[in-house]
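Going by our numbering, the sequence shown opens with residue 557, and the numbers climb by one from there. Each remark here refers to the structure printed beneath this line.
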Amino acid sequence: MPKQYKQCLLQLQKTCEVIGLINEIKDMIGITDDEIEILTSPERIVEVSVPVRMDDGHLEVFNGFRIQHSSALGPFKGGVRYHPNVDLDEVQALSFWMTFKCAVANIPYGGAKGGITVNPKNLSQGELERLSRAYIRKIANMIGPDKDIPAPDVYTNAQIMAWFMDEYSRIIGSNQLAVVTGKPVELGGSLGRDTATAQGGFYVLEKMLGNLKIKKSETTITIQGFGNAGMNFARIANKFKYKVIAVSDSRGGIYNEKGLDIEKVIIHKELSGTVQNFPGAKNIDNEEILTLKTKVLVPAALEGVINAKNAGLIKAEVVLELANGPINMEAGEILSKKEKVVIPDILANSGGVIVSYFEWVQNISHHYWSAEKVQAELIEKIIPATNKVWETASKYKVNLRTAAYIVAIEKLVKALKLRGI
Ligand code: NAD
Numbered sequence: 557m558p559k560q561y562k563q564c565l566l567q568l569q570k571t572c573e574v575i576g577l578i579n580e581i582k583d584m585i586g587i588t589d590d591e592i593e594i595l596t597s598p599e600r601i602v603e604v605s606v607p608v609r610m611d612d613g614h615l616e617v618f619n620g621f622r623i624q625h626s627s628a629l630g631p632f633k634g635g636v637r638y639h640p641n642v643d644l645d646e647v648q649a650l651s652f653w654m655t656f657k658c659a660v661a662n663i664p665y666g667g668a669k670g671g672i673t674v675n676p677k678n679l680s681q682g683e684l685e686r687l688s689r690a691y692i693r694k695i696a697n698m699i700g701p702d703k704d705i706p707a708p709d710v711y712t713n714a715q716i717m718a719w720f721m722d723e724y725s726r727i728i729g730s731n732q733l734a735v736v737t738g739k740p741v742e743l744g745g746s747l748g749r750d751t752a753t754a755q756g757g758f759y760v761l762e763k764m765l766g767n768l769k770i771k772k773s774e775t776t777i778t779i780q781g782f783g784n785a786g787m788n789f790a791r792i793a794n795k796f797k798y799k800v801i802a803v804s805d806s807r808g809g810i811y812n813e814k815g816l817d818i819e820k821v822i823i824h825k826e827l828s829g830t831v832q833n834f835p836g837a838k839n840i841d842n843e844e845i846l847t848l849k850t851k852v853l854v855p856a857a858l859e860g861v862i863n864a865k866n867a868g869l870i871k872a873e874v875v876l877e878l879a880n881g882p883i884n885m886e887a888g889e890i891l892s893k894k895e896k897v898v899i900p901d902i903l904a905n906s907g908g909v910i911v912s913y914f915e916w917v918q919n920i921s922h923h924y925w926s927a928e929k930v931q932a933e934l935i936e937k938i939i940p941a942t943n944k945v946w947e948t949a950s951k952y953k954v955n956l957r958t959a960a961y962i963v964a965i966e967k968l969v970k971a972l973k974l975r976g977i
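Following this line, the structure appears as C-alpha cells:
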C-alpha cells in the first residue's frame, strides 16, 4: 500500500477510535447525541493556497490547512506539520486529538492542527522561510495569543516557529511572542521544553507503577525509538535507577538483560549514528524489541507499530504510549483482553503540550522561569491528571484509554453547558 494512504488510514482509524469510544461511553456518563455532534465537529476548517517564489525564479503554490476543532476550554492549540502526506483528513483527525489531549492535561486550551503539503527536505533554507512566512500571512486573521497558538509538529522546528512569530508580529505591528510555542529559548521559548515529553511520560509511568504496586526493583524498561522522546525518556529512567534493558532507533536495537548504561549508549549513537553494535549488548531488530520479556514497553517512535500481527506477542505488563498512536485499534482490543495496562498517548506524552502552555504563560506575563520551576509546575499538572485518569478507570471499571476520554469528554461537555452552547 502506498505510504501516503497507509498514513491516512492510520489517522482515520484514530478518529474512528475516538468517535467509537465516545459512542461507547455516551450512556455510561450520560451525554446527549447533540453534545456528541458538537464535540465531533470542527469549529472551523480553513484551506489556503501558499504561493512561494522558488530559488530558480519560478512560483510554486502549496496547499496549507488550519483546522480549529474546539475552543470550549480556551484558545485553540496545536502544531503545524510539513509533510508530503498532509491532507485535510489527517489535519482534521489530529486537531480532534489535540482537543482531548489538552482537556486531559487540564490546561486551558482547545484543540487545533495545521499543515502544509510539502517535503521540506526538497526546499532550501530561503524557500522554507518564504513558505513559512507566506503560510502565516494566509492564516494571520485566525491565530493570535488569545485565539489560536500554533507549535511545532512533524518536520517543523524552533527556527520555523521563530519565523511564524516574527511574521505575525510584523502584521500586528508589535512583538507577539505568545502567538506560537516551541520557539528558541532566545526568543521566548521555555527552558525544559526539549525534554518535557519524556519527563512528563516518566512522571506518569512512576505514578502508575505505584498505583499498580509494581516495585522499581522489578521494573525493566524497553524503549522503541531513540529520538527526542525515546532518548530523553531512557536517560531520565536510567538516572532514576530504572533498568533499561533495550532501546532501538530506525536502524535497529540493542538488548542487555542486565541493563544498559544509557549515557554511554547516547555517546555511542553520536559517534556511530546508531545504537546498534553497542559493546556488551546484543543487536536485535525493531520487531523483536516490541516482544521482549520486560515489565514496561515504551513505544516512542512511530504510529501503528503495535498491530493485530504482533499485539498477541507483547510480553510487557505495562505499555506507555510515548509516541502518538503507536497501538492501533485491533491491537488495543487484543491488549485489553490480555489485561495489559496501556497508558494512553493523550496522557503519556502530554508533558510536551503542558510545557508549551508554560511557554505561553511566560510570554504573556513577560516573566521567565528557571528549569527547576518548569519541572515543579509540570509535576503539579501531570500528577493530578494521572490521578484523575486512574480514579476514573476505577469508577467506571474501564481501561485507562477509555478513562482518559471520559475525563476529557466530561470536562468538554461541562464547559459547553456552562457556555450555553
Ligand atoms: P524524533 O524524530 O526525535 O525521534 C524518532 C525516533 O524514532 C528516532 O530515534 C528514529 O531513529 C526512531 N525510529 C524511526 N523509525 C523507527 C522504527 N521503525 N523503529 C524504531 N525506531 C524508529 O521524534 P520524537 O519527537 O521523539 O517523536 C516520537 C514520537 O513521539 C512521535 O509519535 C511524536 O508524535 C511523539 N511525540 C513527541 C513529542 C515531542 O515533544 N517530541 C510530543 C508528543 C508526542
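Even glycine gets a Cβ: it sits at the ideal position worked out from N, Cα and C.
Out of curiosity, what's the CA-to-CA distance linking residue 967 and residue 655? 11 Å
Beta-carbon spacing of residue 670, residue 634 below 9 Å: yes
Contact set for residue 704: own chain, Cβ-Cβ below 7 Å, skip 5 residues either direction: 624, 631, 632, 668 and 698
Residue 615 by DSSP, collapsed to three states: which one? strand
In or out: residue 588 buried (at least 16 other Cβ within 10 Å) or exposed? exposed
Member of 574, 776 and 739 whose CA lies at the smallest distance from the CA of residue 871: Per the Cα distances, 776.
Following the continuous beta strand (DSSP E) through residue 780, name the residue where it begins and the one where it ends. 776-780
Can you determine whether any heavy atom of the ligand NAD sits closer than 8 Å to the C-beta of residue 784, and answer yes or no? yes
Answer yes or no: the CB of residue 933 versus the heavy atoms of the ligand NAD, is any distance below 8 Å? no
Using C-beta distances below 7 Å, list every residue in its chain close to residue 904, excluding the 5 sequence neighbours before and after it, in chain order. 757, 760, 876, 877 and 878
Suppose only complete runs of 4+ residues qualify. What are the alpha helix (DSSP H) ranges in the segment 783-866, listed by chain order? For the segment 783-866, whole alpha helix (DSSP H) runs of length 4 or above, ordered along the chain, are 784-795 and 818-828.
If we count the other Cβ atoms within 10 Å of its Cβ and call it buried at 16 or more, is residue 889 buried or exposed? exposed
To the nearest angstrom, how far is the alpha carbon of residue 628 from that of residue 824? 47 Å
Flag this pair as yes or no: are the beta carbons of residue 661 and residue 932 separated by less than 9 Å? The Cβ atoms of residue 661 and residue 932 lie no closer than 9 Å to each other.
Using a Cβ-based criterion (distance less than 8 Å to any ligand heavy atom), does residue 649 qualify as near the ligand NAD? no
With distances taken Cα to Cα, identify the nearest neighbour of residue 676 among 953, 796 and 640. 640
Report whether the distance from the Cβ of residue 596 to the nearest heavy atom of the ligand NAD is below 8 Å. no
Residues in the same chain with beta-carbon distance under 6 Å from residue 707, minus the five sequence neighbours each way, listed in chain order, please. 635, 737, 738 and 912
Residues near residue 935 by beta carbon distance below 7 Å, same chain, minus five either side: Excluding positions up to five away in sequence, the list reads 759.
Would residue 831 be called buried (16 or more neighbouring beta carbons within 10 Å of its own) or exposed? buried
Which first and last residues belong to the beta strand (DSSP E) in which residue 962 is found? It is not in any beta strand (DSSP E) - residue 962 instead sits in the alpha helix (DSSP H) that spans 956-975.
Run the CB neighbour count on residue 914, radius 10 Å, all protein chains shown included, and call it buried at 16 or more, exposed below. Buried: at least 16 other Cβ atoms inside 10 Å.
Excluding the 5 residues flanking residue 789 on each side, which residues of the same chain have their C-beta closer than 7 Å to its C-beta? 754, 757, 758, 779, 854, 856 and 878
Opposite residue 876 in the DSSP bridges: which residues? 899
Can you round the beta-carbon distance between residue 892 and residue 955 to whole angstroms, since I take them to be within the 8 Å contact cut? Correct: roughly 6 Å between the Cβ atoms.
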